[in-house]
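Undergrad:
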Amino acid sequence: MAMAASEIEALIKAALPDARVAIEDLAGDGDHYAATVVSDHFRGKSRVQQHQLVFAALRGRMGGELHALALQTSAPE
Amino acid sequence: MSDPTFQRISSEITQNPVMLYMKGNAMFPQCGFSARVVQILTHLGVPFKTANVLEDPALRDGIKQFSNWPTIPQLYVKGEFIGGCDIVTEMFQSGELTTLLAEKGITHEAAA
């Protein structure tokens, strides 16, 4: 069920190549992560739309295989 | 959309100015993320209605499709999808949630 942080990062970067991604394994169990994603693709989009881009990048794993991913998204300053 | 679950959701988010889809209920949340959103809404003193997705598998799947959002909880204000736990927390901390509720005409009292 668990997913490696590197796999999450790779999926996000495949969809959002310019993204800066920082992932923290919150519980050390490969199942509860927090990710900060900064990408120019987020500019002008609402938070909901920004998160939806990340969920789309994760291709259905979110909410299934990936139980908990706390997300923080923003466009570069 | 003729799907009965979608119809149910449409009418709930229209009839209830603040509608929360969650695991468990406001008194007994059954997930930490749902609990946090309940805590924020309670703290803001806004009246809200909840639906327990654990009691209804069709709703649990349906709300994810309806919102194009893979996780629970999900908060709707005046029919608009606001977000899940992370977004609601971020908006609460920045004060945006209070502003949004005020703009939407939802009366909130100071925290007790």
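First to last, the protein sequences are chains E and C. What the first sequence shows, in this note's numbering, is residues 1 to 77, in sequence order. What the second sequence shows, in this note's numbering, is residues 1001 to 1112, in sequence order. Heads up, the beta-carbon is just placed ideally off N, CA and C, and yes, glycines get one too.
#1: When you compare the CB of residue 42 of chain E with every CB in chain C, is at least one pair closer than 7 Å?
#2: DSSP three-state call for residue 76 of chain E: helix, strand or coil?
#3: Could you tell me whether the Cβ of residue 62 of chain E comes closer than 7 Å to any Cβ of chain C?
#4: Using a Cβ-Cβ cut-off of less than 9 Å, list which residues of the stretch 1045–1076 of chain C approach chain E; keep chain order.
#5: Which residues of chain C have a Cβ atom closer than 7 Å to the Cβ of residue 71 of chain E, listed in chain order?
#6: Following the continuous alpha helix (DSSP H) through residue 1074 of chain C, name the residue where it begins and the one where it ends.
#7: Bridge partners for residue 1046 of chain C per DSSP, in chain order?
#8: Exposed or buried, what is residue 942 of chain C when buried is set at 16 or more other beta-carbons lying within 10 Å of its beta-carbon?
#9: Any heavy atom of the ligand PLP closer than 6 Å to the beta-carbon of residue 1071 of chain C?
#10: Sorted by chain position, which residues of the same chain lie with C-beta nearer than 7 Å to residue 76 of chain E's C-beta, five sequence neighbours on each side aside?
#11: Count the C-beta pairs between the stretch 1083–1101 of chain C and the stretch 1034–1045 of chain C that are closer than 8 Å, then say yes if the count reaches three, no if not.
#12: Distance, Cα to Cα, residue 1018 of chain C vs residue 1075 of chain C?
#13: Residues in the stretch 6–33 of chain E with C-beta within 8 Å of chain C's C-beta atoms, listed in sequence order?
#14: Helix, strand or coil: how does DSSP classify residue 65 of chain E here?
#15: Quick check on residue 59 of chain E - is its C-beta less than 7 Å from some C-beta in chain C?
#16: Taking only three categories from DSSP, how would you classify residue 1061 of chain C?
TA: This is what the structure holds:
#1: no
#2: coil
#3: yes
#4: Answer in chain order: 1064, 1067, 1068, 1069, 1070, 1071, 1072.
#5: From the beta-carbon of residue 71 of chain E, the residues of chain C found nearer than 7 Å are 1086.
#6: Per DSSP, residue 1074 of chain C belongs to no alpha helix (DSSP H); it is in the beta strand (DSSP E), 1074–1077.
#7: For residue 1046 of chain C, which the question treats as bridged, DSSP gives no partner whatsoever.
#8: Because chain C spans 1001 through 1112 in this model, residue 942 of chain C falls outside it and cannot be assessed.
#9: As for the ligand PLP, it is missing from this structure, which has no ligand bound.
#10: Sequence-distant Cβ neighbours of residue 76 of chain E in its own chain, meaning closer than 7 Å and more than five residues away, are 38, 40.
#11: yes
#12: 7 Å
#13: none
#14: coil
#15: With 7 Å as the cut-off, residue 59 of chain E does not count as an interface residue toward chain C.
#16: helix
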